[in-house]
Amino acid sequence: MKCLDCPCKTAKYYLRTRRFSSVFSWDALSKTRQAPIWTACLGGLPLNQENQLLLKKLRHARLKNKQLESDFMKLQEQLHDEKKFMVSPVTKRNVLVQTEVSQCQRGDGIHQKEHEIVKKNARVLQMYNSLQKRYNKEVKINQGQNETIATLSSKINSLEHQLRLANQKVMAMENKVPANNKTVHLQRKVSSHKCMCKKKGSCSCKYLDQLLVEIQRLKMENETISKERRMLRNELAALDKDFFDEIEDLKSALQEAIKMNIQYEKCLKQLSSTYGLPLTSTLTAGNRRAHL
Numbered sequence: 001m002k003c004l005d006c007p008c009k010t011a012k013y014y015l016r017t018r019r020f021s022s023v024f025s026w027d028a029l030s031k032t033r034q035a036p037i038w039t040a041c042l043g044g045l046p047l048n049q050e051n052q053l054l055l056k057k058l059r060h061a062r063l064k065n066k067q068l069e070s071d072f073m074k075l076q077e078q079l080h081d082e083k084k085f086m087v088s089p090v091t092k093r094n095v096l097v098q099t100e101v102s103q104c105q106r107g108d109g110i111h112q113k114e115h116e117i118v119k120k121n122a123r124v125l126q127m128y129n130s131l132q133k134r135y136n137k138e139v140k141i142n143q144g145q146n147e148t149i150a151t152l153s154s155k156i157n158s159l160e161h162q163l164r165l166a167n168q169k170v171m172a173m174e175n176k177v178p179a180n181n182k183t184v185h186l187q188r189k190v191s192s193h194k195c196m197c198k199k200k201g202s203c204s205c206k207y208l209d210q211l212l213v214e215i216q217r218l219k220m221e222n223e224t225i226s227k228e229r230r231m232l233r234n235e236l237a238a239l240d241k242d243f244f245d246e247i248e249d250l251k252s253a254l255q256e257a258i259k260m261n262i263q264y265e266k267c268l269k270q271l272s273s274t275y276g277l278p279l280t281s282t283l284t285a286g287n288r289r290a291h292l
């Protein structure tokens, strides 16, 4: 029997079950049947308590079930990770039958894909390291070429300065010689006019000694100038004609090396951006002597 709150409802339920055919009054029914109805209501209380206890136990069991399921999933993941690092089983042969035992499955398709990805990454790292080594070598070569070009350019500038000074000296000496010659000619004319003797054949002139001294002085100056010119010509001859051609070749090689270094730098930047690798070395030797 169901435990109902109201006694009227219990009475109606009781009448429906019993199906009384006779007509009766509600007062008589309440007087006669009131005691067993209340006893039935009081008897339903322990059933409710048991029901609540059962519900609590059911909730506790569900929580335990969820916890066990989570532990089971964790154990499955650990076993899957351990299978990846396990060594493939060794195949055995039967000596009598000389047949191979069926090989165990070495791994799922996921394991094979991961192995291929690891191989590709190792290959990419090897290529990256080789490119970086080559890039460092090119940078060192570029630095050496820059240093040689700087030393050669300084030597060229010093030689050009020496040549300019020598040319200026030669021009100054050449300008001095004709002026002295002019003064000598004028002095000769004046002396010839002054020391003209009235009598023919008599040449007793006091300016002849001065003229001889000036001639000797001019000869000495000419000898010194000729020596300096010979020295300058020897210095010019000592310079190799192919020296300047070699400098131009070095300049062109330097420009090509700079272009190659720029391309290497772009490739290294692309690789580092795609695979997240750090770019350790940078282009130290820049376009220092690009204007040469």
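The numbering of the sequence shown is the UniProt record's numbering, which starts it at 1 and goes up by one.
Using N, Cα and C, we set each Cβ at its ideal position, and we do this for glycine too.
For LEU208, the enclosing alpha helix (DSSP H) begins and ends at 208 to 238. Annotation: LEU279 is outside any alpha helix (DSSP H) and is labelled neither H nor E by DSSP. Inter-segment contact for the region 130 to 144 and the region 208 to 227 is absent: fewer than three beta-carbon pairs are separated by less than 8 Å. Here DSSP, grouped into helix, strand and coil, assigns LYS241 to coil.
Between TYR264 and GLU174, the CB-CB gap reaches or exceeds 8 Å. A direct Cα-Cα distance of roughly 9 Å separates LYS251 from GLN145. Less than 8 Å separates the beta-carbon of ILE258 from that of ASN142.
LEU152 sits close to ILE247, with the two beta carbons spaced by under 8 Å. Within the same chain, and ignoring the five residues on either side of VAL124 in sequence, the residues whose Cβ sits closer than 7 Å to its Cβ are TYR275. The alpha-carbon separation between GLU160 and LEU239 amounts to approximately 12 Å. Between GLU228 and LYS266 the beta-carbon gap is near 57 Å, outside 8 Å, which marks them as no contact. Taking the Cα of LYS176 as reference, the smallest distance to any Cα among ASP71, SER158, ILE225, ALA237 is reached at ILE225. LEU268 is positioned such that its CB atom lies no closer than 8 Å to that of ALA166.
A direct Cα-Cα distance of roughly 50 Å separates LYS241 from LEU277.
When rounded, the separation of the alpha-carbon atoms in GLU77 and ASN136 is 45 Å. When only Cα atoms are considered, GLU221 and ILE149 end up about 41 Å apart. Contact between LYS84 and HIS111 holds, since their C-beta atoms are separated by about 6 Å, short of 8 Å. ASN48 and LEU55 have their alpha carbons spaced roughly 11 Å apart.
Rounded to whole angstroms, HIS60 and PHE72 show a C-alpha spacing of 18 Å.
Counting the other CB atoms within 10 Å of its CB gives LEU254 a total of 16 or more, which places it among the buried residues.
CA-to-CA, the gap between ALA237 and GLN216 works out to about 32 Å.
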